[in-house]
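**Q** Going down the list, the sequences are from chains A and B.
In terms of UniProt numbering, the first sequence opens at residue 1 and continues consecutively.
In terms of UniProt numbering, the second sequence opens at residue 1 and continues consecutively.
Every residue gets a Cβ at the ideal spot worked out from N, C-alpha and C, and that includes glycine.
Number of protein chains: 2
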Amino acid sequence: MESVVEAARGRKPEEVKSAARVLEVLELLGVQGARLSLAEMAAAMSVPKSSLHAILRTMEARKWVDLDPSGTRYGIGLKALLTGTAYLEGDDVTSLAGPVLDALAEETGEAVHLGRLDGTHVVYLAKRESRHALRMYSAVGRRLPAHATGLGKAVLSQFDHAEVQRRLDWPLERLTPSTVTDPDAFLAQLAETRLRGWAVDDGENSVDIRCVAVALGGGQGMDAISCSAPKSRMDDARLEEVAQAVTEAAHSLSTLLKRLGQH
Amino acid sequence: MESVVEAARGRKPEEVKSAARVLEVLELLGVQGARLSLAEMAAAMSVPKSSLHAILRTMEARKWVDLDPSGTRYGIGLKALLTGTAYLEGDDVTSLAGPVLDALAEETGEAVHLGRLDGTHVVYLAKRESRHALRMYSAVGRRLPAHATGLGKAVLSQFDHAEVQRRLDWPLERLTPSTVTDPDAFLAQLAETRLRGWAVDDGENSVDIRCVAVALGGGQGMDAISCSAPKSRMDDARLEEVAQAVTEAAHSLSTLLKRLGQH
DNA sequence: CAACGTCATTCGGTCTTCTGAACGGCCGAA
DNA sequence: TTCGGCCGTTCAGAAGACCGAATGACGTTG
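(1) Under three-state DSSP, which class holds Ser130 (chain B)?
(2) Listed from N- to C-terminal order along the chain, which residues in the region 63 to 86 of chain A have their beta-carbon within a distance smaller than 8 Å of any beta-carbon of chain B?
(3) What residues from chain B crowd round Ser18 (chain A), counting only those whose CB sits closer than 7 Å?
(4) Taking the C-alpha atoms as reference points, what is the distance between Arg142 (chain A) and Leu172 (chain A)?
(5) Buried or exposed, going by whether 16 or more other CB atoms sit within 10 Å of the CB of Asp201 (chain B)?
(6) How close, in whole Å, do the beta carbons of Val122 (chain A) and Leu104 (chain A) come, if the pair is a contact with beta carbons under 8 Å?
(7) One question on the structure: do Ala224 (chain A) and Val155 (chain A) come within less than 7 Å of each other, judged by their Cβ atoms?
(8) Counting only Cβ pairs nearer than 7 Å, list the residues of chain A close to Gly141 (chain B).
(9) For Ala86 (chain B) versus Gly30 (chain A), is the C-beta spacing smaller than 7 Å?
(10) Within 10 angstroms of its Cβ, does Thr83 (chain B) collect 16 or more other Cβ (buried), or is it exposed?
(11) By alpha-carbon positions, which one of A:Val214, A:Asp182, A:Pro183 ends up nearest to Leu195 (chain A)?
(12) Would you say the beta carbon of Leu52 (chain A) is closer than 6 Å to some non-hydrogen atom of the ligand GTP?
(13) Could you check where the beta strand (DSSP E) with Leu114 (chain A) kicks off and where it finishes?
(14) If contact means a Cβ-Cβ distance below 8 Å, which residues of the region 94 to 125 of chain A contact chain B?
(15) Please tell me whether Gly221 (chain B) has its Cβ less than 7 Å away from any Cβ of chain A.
(16) Thinking residue 264 (chain B) and Gly217 (chain A) are a contact (beta carbons under 8 Å), I'd like their distance in whole angstroms, please.
(17) Taking the Cβ atom as the reference point for each residue, do Leu88 (chain A) and Thr94 (chain A) lie within a distance shorter than 7 Å?
(18) Quick check on this structure: which residue in A:Glu129, A:Asp118, A:Ala80, A:Lys79 has the alpha carbon closest to the alpha carbon of Gly98 (chain A)?
(19) Only counting the same chain, and skipping five residues up and downstream in sequence, which positions put a Cβ closer than 8 Å to that of Arg135 (chain B)?
(20) For Arg93 (chain A), which three-state DSSP category applies?
(21) Contact between the region 20 to 29 of chain B and the region 247 to 257 of chain A is defined here as three or more beta-carbon pairs at a separation below 8 Å; is this criterion met?
(22) I'd like to know whether the C-beta of Thr149 (chain B) is nearer than 7 Å to at least one C-beta of chain A.
(23) Nearest chain A C-beta to Leu253 (chain B) closer than 7 Å, yes or no?
(24) Give the residues of chain B in contact with residue 273 (chain A), contact being defined as C-beta atoms less than 8 Å apart.
(25) Roughly how many angstroms lie between the CA atoms of Arg233 (chain B) and Ala243 (chain B), to the nearest whole one?
(26) Any C-beta of chain B sitting closer than 7 Å to the C-beta of Leu26 (chain A)?
(27) Against chain B, with Cβ distances strictly below 7 Å, would Glu2 (chain A) count as a contact?
(28) Mind listing, in chain order, the continuous alpha helix (DSSP H) runs of no fewer than 4 residues lying wholly within the region 190 to 262 of chain B?
(29) Using CA coordinates, which residue listed in B:Met41, B:Leu187, B:Thr176, B:Phe159 is at the minimum distance from Trp170 (chain B)?
(30) Strictly under 7 Å for the Cβ-Cβ distance: is Gly30 (chain B) near chain A by that measure?
(31) Excluding the 5 residues preceding and the 5 following Arg174 (chain A) in the sequence, name in chain order all residues of the same chain whose CB lies nearer than 6 Å to its CB.
(32) Within its chain, find whatever has a CB closer than 7 Å to the CB of Ser178 (chain A); leave out the 5 residues flanking it on each side and keep chain order.
(33) Along the beta strand (DSSP E) that carries Arg143 (chain B), what are the first and last residues, could you check?
(34) Do Val246 (chain A) and Val207 (chain A) have their C-beta atoms within less than 7 Å of each other?
(35) For Gly217 (chain B), which residues in chain A fall below 8 Å Cβ to Cβ?
(36) If contacts are defined as beta-carbon pairs under 8 Å, then Glu27 (chain B) and Lys79 (chain A) qualify, I think. What distance do you get, rounded to the angstrom?
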């Protein structure tokens, strides 16, 4: 008889409580790099300590979380590493993209990413490093707000305005002084992107990084590829040049995927 | 009243059943690249379909598993990608190892790995690709039997014979014709490794790949680094040369870790 | 066309887990 | 030392998950 509480939290009664909590623990430890104590996690999740205790014991026994030497702070365990990479191996887009990304990285000499829209964020699925000493930081599995990335805008530009408004969290979070947070300006950018065929990020999530991105799948996918570089190596002329290369790579990858889908 | 069953399975009663099942699902979908139906998973886990159904619904709602277009086969979901990379970022060894691995890869020109012993297997935590066109396949998160890898033998050589016998599953699994499966021969190899300071894998997990590995942490860690190459590029003389480079890299990384631990 | 196999899904009684409060250990402050 | 705060841990009542059998939906085969 906690229907009031459940309704207030918006949880469906079809959820298995401890299953959901296991996943919440993993997500909590995943977004924070830091280690957390049982009490801290219980507070963050609004769950009784005693309930969480039993769950963490189960997870610890299976090495999905581990305790630091002092025995009081939990972190992600070794077993968790297996699943993430399994997602990548089982995914058609990621496994087909390898050679295309290699070629694009080779051609441009800059950092190349494959990303996927997941809710309001973009997840990096694959990357290729730049050849230059000055590199941007990124990592597979990392999440960035979609509205502040080239990858995100490339995918979002495929939807109409109403759909975009439904998918994002408003107001848009500001990451740098250049982040576009005004709704009208943002939607105008998406319209421009749709016409042009490629999206631009001009220092909107990392100061000094410019990025060009193109969506995959011919208008209905959640994936995009991008090429990023410091402003010092990416003036307007170079941006157009890179945009051509990214567009071609996106087309050839989309074609590969289409063949796979038909078969 | 299932104490008999529980005892027969060796499960502690302190485990939370659905929590353990969530983890089992993730591990099952993780080792198999393939997608599985609910019925297949229920059979593989010896769990009633109806119970698993509720759990999978919970996991699907949170994108930890996803259904293929037909709606009948489950695979790992996008959220699972987050945790694996978080483990790597939060780990001292992995985050410190980067520059050392870069340098070793640069110096040898061959594939370099950082691995950790987990039970009977070794998990790759980081890798650097070879510069050559002919490359070995490997991936962060992948697990290989410890007894058939240089990394595993480097770590295991730190333990005495009784400890090794306790830690491995006997009889040793054969992966290639060269895999050492005889207990005496295997223990003799470890003794040799201990004296020499570095371990060798001569086509024991992949035909045609030779590998040199050195343990980190000065005798009490679970980690090791290695350098692998096809036999065609790794004759006995080259092996000794590479072993020197790997040993030096391991020492400098161990020193870095010791400083961190003291502080 | 019908019968079958396989699949996900539902349902209510039973049994497990969840819960909140109380406990014991540990550290730093007074 | 003694106190206070915080940690993980335990326990018995209360709430919810688990299970097996039955159902419905699909695609395939005879």
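**A** With the given structure in hand:
(1) Taking the first residue of the second sequence as 1, we reach residue 130 (chain B) at position 130. The answer is coil: DSSP assigns Ser130 (chain B) none of H, G, I, E or B.
(2) Lys63, Trp64, Gly75, Ile76, Gly77, Leu78, Lys79, Ala80, Leu81, Leu82, Thr83, Gly84, Thr85, Ala86
(3) Start at 1 with the first residue of the first sequence, and residue 18 (chain A) comes out as number 18. Correct list: Val16, Ser18, Ala19.
(4) Residue 142 (chain A) sits at position 142 when you count from the first residue of the first sequence. Residue 172 (chain A) sits at position 172 when you count from the first residue of the first sequence. Their Cα atoms are separated by approximately 19 Å.
(5) Numbered from its first residue, the second sequence carries residue 201 (chain B) at position 201. Asp201 (chain B) is buried by the Cβ-count criterion.
(6) The count along the first sequence starts at 1 and reaches residue 122 (chain A) at position 122. The count along the first sequence starts at 1 and reaches residue 104 (chain A) at position 104. At roughly 18 Å, the Cβ-Cβ gap does not stay under 8 Å, so Val122 (chain A) and Leu104 (chain A) are not in contact.
(7) Reading the first sequence from its first residue, position 224 is the one you call residue 224 (chain A). Reading the first sequence from its first residue, position 155 is the one you call residue 155 (chain A). In this structure, Val155 (chain A) lies closer than 7 Å to Ala224 (chain A) by Cβ.
(8) For the purposes of this step, residue 141 (chain B) is identified with residue 141 of the second sequence, where counting begins at 1. Per Cβ cutoff of 7 Å: Leu81, Leu82, Gly84, Thr85.
(9) For the purposes of this step, residue 86 (chain B) is taken as residue 86 along the second sequence, with counting starting at 1. For the purposes of this step, residue 30 (chain A) is taken as residue 30 along the first sequence, with counting starting at 1. Yes; because the gap between Cβ atoms is below 7 Å, this pair is in contact.
(10) Position 83 of the second sequence, counting from 1, holds the residue named residue 83 (chain B). With 16 or more other Cβ atoms within 10 Å, it is buried.
(11) Here the question's residue 195 (chain A) lines up with position 195 in the first sequence. It is A:Val214.
(12) Questions concerning the ligand GTP fall outside what the structure shown contains, since it holds no ligand whatsoever.
(13) Position 114 of the first sequence, counted from the first residue, corresponds to residue 114 (chain A). Segment 111 to 118, the beta strand (DSSP E) holding Leu114 (chain A).
(14) Arg116, Asp118, Val123, Leu125
(15) As a working note, residue 221 (chain B) is residue 221 in the second sequence. Cβ-Cβ to chain A under 7 Å: no for Gly221 (chain B).
(16) In this structure chain B extends from 1 to 263, so residue 264 (chain B) is not present and cannot be described.
(17) In the first sequence, residue 88 (chain A) corresponds to position 88, counting from 1. In the first sequence, residue 94 (chain A) corresponds to position 94, counting from 1. A contact, by the Cβ cut-off of 7 Å.
(18) For this step, residue 98 (chain A) is matched to residue 98 along the first sequence. When only C-alpha atoms are compared, the closest one is A:Glu129.
(19) One-based indexing of the second sequence puts residue 135 (chain B) at position 135. Since pLDDT at Arg135 (chain B) reaches only 49, below the 50 mark, its modelled position is unreliable, and the value read off the structure follows with that caveat. Closer than 8 Å at Cβ, skipping near neighbours: Ala111, Glu129.
(20) Walking along the first sequence from the start, residue 93 (chain A) turns up at place 93. With the sequence shown as reference, residue 93 (chain A) is identified as Val, and Arg is not the correct amino acid for it. Correct three-state label for Val93 (chain A): helix.
(21) no
(22) Reading the second sequence from its first residue, position 149 is the one you call residue 149 (chain B). Output row for Thr149 (chain B): interface = no.
(23) Translated into the one-based positions of the second sequence, residue 253 (chain B) becomes position 253. For Leu253 (chain B), the answer is no, since every Cβ of chain A falls outside 7 Å of its Cβ.
(24) Any property of residue 273 (chain A) remains undetermined from this structure, which presents chain A solely from 1 to 263.
(25) In the second sequence, the residue the question calls residue 233 (chain B) occupies position 233. In the second sequence, the residue the question calls residue 243 (chain B) occupies position 243. In a straight line, the C-alpha of Arg233 (chain B) is about 14 Å away from that of Ala243 (chain B).
(26) Working through the first sequence from its first residue, we reach residue 26 (chain A) at position 26. Interface residue, yes.
(27) Taking the first sequence and counting its residues from 1, one reaches residue 2 (chain A) at position 2. A caution first: Glu2 (chain A) carries a pLDDT of 35, below 50, which makes its placement in the model unreliable, though a value can still be read off. Chain B, which has no Cβ nearer than 7 Å to the Cβ of Glu2 (chain A), makes this no.
(28) 236 to 262
(29) As a first step, residue 170 (chain B) is located in the second sequence; it is residue number 170 there, counting from the start. Nearest C-alpha to Trp170 (chain B): B:Leu187.
(30) Along the second sequence, one-based indexing puts residue 30 (chain B) at 30. Gly30 (chain B) counts as touching chain A.
(31) Position 174 of the first sequence, counted from the first residue, corresponds to residue 174 (chain A). Excluding residues within five positions, the ones whose Cβ falls inside 6 Å are Thr181.
(32) In the first sequence, the residue the question calls residue 178 (chain A) occupies position 178. Here the set comprises Asp202, Gly203, Glu204.
(33) Taking the first residue of the second sequence as 1, we reach residue 143 (chain B) at position 143. First-last of the beta strand (DSSP E) with Arg143 (chain B): 143 to 145.
(34) Walking along the first sequence from the start, residue 246 (chain A) turns up at place 246. Walking along the first sequence from the start, residue 207 (chain A) turns up at place 207. No.
(35) Here residue 217 (chain B) refers to the residue found at position 217 when the second sequence is read from its first residue. What Gly217 (chain B) touches in chain A: nothing, since even the nearest Cβ is about 14 Å away.
(36) Position 27 of the second sequence holds residue 27 (chain B). Position 79 of the first sequence holds residue 79 (chain A). Correct: roughly 7 Å between the Cβ atoms.
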